[in-house]
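Inspection log for the structure reproduced underneath, given as C-alpha cells.
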Amino acid sequence: MSVDETAPLRVLVVGGDPRLRADVTNLLDACDELRVVADAPDSAAALPLAERLRPDIVLLDAASADHAKTLSRTSRVFVLAAPEDPVVQDALDAGASGNLVPGSFTAADLVRAVRQASRASLGLSAREAEVMDLIATGRSNGEIARQLFLSEKTVKNHVNRIYAKLGVSSRATAIALWRGMMSVLPARD
C-alpha cells in the first residue's frame, strides 16, 4: 500500500442492490480523496476481491455485515445501515469502524468517518489530533505554530509525541495512518 498522502483512499462497495452500489460508487467517485476500486453483490464475492485489492475502506450493506470481522483485518469497514439496525452493533463488535445511512451520507461524511476512526484507534490527544490534521494538509511546523498560536518548539514536541504514539518516523507514514490508508493492526501471519 502506498503511503503517498495525496493518493485517494481505495474503496470496495458491497451490496446486493445494484442501484445502491451504483449510487454509492457515483457519490464516491466525485470525491478526489476516494476511489472505488471494485464493487461486489455480496460478501462471498467481496472476500476474494478484498484479499486481492486490499482496499483502504470496505462499505458493506446490512446483508453482508456478517463478514465485518474478516474484512476489518485489512480495511476500515463501514456498514451501510441505519444505526438502530441490529446488524450494526454486531458489525461494530466484530471490528467495523462505523456505519453510514444509505442515501443520507456524502463523500465528505465518509472521509470524516475514516479520519474519526483513525483518531480513535491511534490514541492522540485533542491537541495532537489538531496538529496531525494540519500535518496531513501539508503544513510545516512553522505554519502549524502560526496557525495554532504556538511556538515552533511546542509544535515540534507535539510532532515527536505523535510519532512516538503512532510508532512512525516520517510525516508520510504518519499521514497514511491518519488518513486510514494503513492499518494500525498487526500484520497477519
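Numbering-wise, the sequence shown is residues 1 to 189 according to full-length UniProt numbering.
For each residue, glycine too, the CB sits at the ideal point set by N, CA and C.
### Task
Go through its chain and collect everything with a Cβ distance to Asp66's Cβ below 7 Å, but skip five positions before and after it.
Counting from one through the sequence shown, the residue named residue 66 turns up at place 66. Contacts found: Ser43.
### Query
Run through DSSP, which three-state label would Asp39 get?
Counting from one through the sequence shown, the residue named residue 39 turns up at place 39. Here Asp39 sits in strand by DSSP.
### Option in Asn157, Leu80, Lys165 and Ala46 with minimal Cα separation from Ser104
To locate residue 104, count along the sequence shown from 1; it is residue 104. The candidate whose alpha carbon is nearest that of Ser104 is Leu80.
### Query
Which residue's Cα is closest to the Cα of Asp85: Leu71, Asp61 and Ala113?
Within the sequence shown, the letter at position 85 stands for residue 85. The candidate whose alpha carbon is nearest that of Asp85 is Asp61.
### Message
Once DSSP output is grouped into helix, strand and coil, what is the label at Arg10?
### Response
In the sequence shown, the residue the question calls residue 10 occupies position 10. Arg10 falls in the strand class under three-state DSSP.
### Task
Determine, using beta-carbon pairs with one atom in the region 143-152 and one in the region 91-107, whether at least three such pairs fall under 8 Å.
In the pairwise beta carbon analysis, the region 143-152 is classified as not touching the region 91-107: fewer than three pairs are separated by under 8 Å.
### Task
Spell out a yes or no on whether the region 162-177 and the region 124-137 are touching, meaning 3 or more CB-CB pairs, one atom from each, closer than 8 Å.
yes
### Query
Comparing alpha-carbon positions, which option in Ala96, Asp39, Arg112 and Lys165 lies nearest Gly16?
On the sequence shown, residue 16 is found 16 positions in, with the first residue counted as 1. Nearest C-alpha to Gly16: Asp39.
### Query
What are the start and end residues of the alpha helix (DSSP H) that includes Arg179?
Position 179 of the sequence shown, counted from the first residue, corresponds to residue 179. Premise fails: Arg179 is in no alpha helix (DSSP H) and is neither H nor E.
### Task
With distances taken Cα to Cα, identify the nearest neighbour of Arg76 among Val111, Pro48 and Thr106.
Looking up residue 76 in the sequence shown gives position 76. Cα-wise, what sits closest to Arg76 is Val111.
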